[in-house]
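First comes the structure, then the notes that go with it.
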Ligand SMILES: [Zn+2]
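Residue numbers (this note's numbering): 9 to 103.
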């Protein structure tokens with residue numbers, strides 16, 4: 009994600025965050041609603057690549073491309089299905 013800057017026809021500026029290369033050329037101004045043109049400025053990339061941005065990007069990505077879990081999360085205890093609540097059954101040999 010990168011921060012893009014837009015300028016309203018009324019000469020106010022605002023910033024919007026978009027994936028790199030996907031920023032629209034115009035966006036509606038948040039205060040007046042007029043279409044605002046994107047400005048060409050130095051990219052604000054200092055925070056990209058941080059763990060916070062990776063979390064935000066993966067959250068956006070999981071909205072339409074959910075990650076498939078194929079194994080158990082490491083470190084979680086394995087849940088044993090209990091068929092009987094009788095404590096004597098726990099002493100029976102297991103397969
Ligand atoms: Zn405006």
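Beta carbons are placed, not taken as given, at the ideal position from N, Cα and C, and that holds for glycine. The model shown is predicted, which means the values in this text are computed figures rather than measured ones.
Next on the checklist: Can you tell me whether residue 12 is buried or exposed? The criterion is at least 16 other CB atoms within 10 Å of its CB, across all chains shown.
Outcome noted: It counts as buried.
Checklist entry - How about the segment 10 to 26 and the segment 34 to 45: do they share at least three Cβ pairs that are nearer than 8 Å? => result In short, these stretches touch, since the Cβ pair count reaches three.
Item to check | Bounding residues of the beta strand (DSSP E) (the contiguous stretch that carries residue 34) | outcome: Judged by DSSP secondary structure, residue 34 falls within the beta strand (DSSP E) whose first and last residues are 34 to 36.
Checklist entry - What residues match up with residue 97 in a beta bridge as DSSP calls it? => result Paired residues: none, contrary to the question.
Next on the checklist: Is it buried or exposed, residue 44, if we count other Cβ atoms within 10 angstroms and call 16 or more buried?
Outcome noted: So residue 44 ends up on the buried side.
Checklist entry - Roughly how far, in whole angstroms, is the beta-carbon of residue 9 from the beta-carbon of residue 61, given that I think they are within contact range, below 8 Å? => result Their Cβ separation, rounded to whole angstroms, is 6 Å, which keeps residue 9 and residue 61 in contact under 8 Å.
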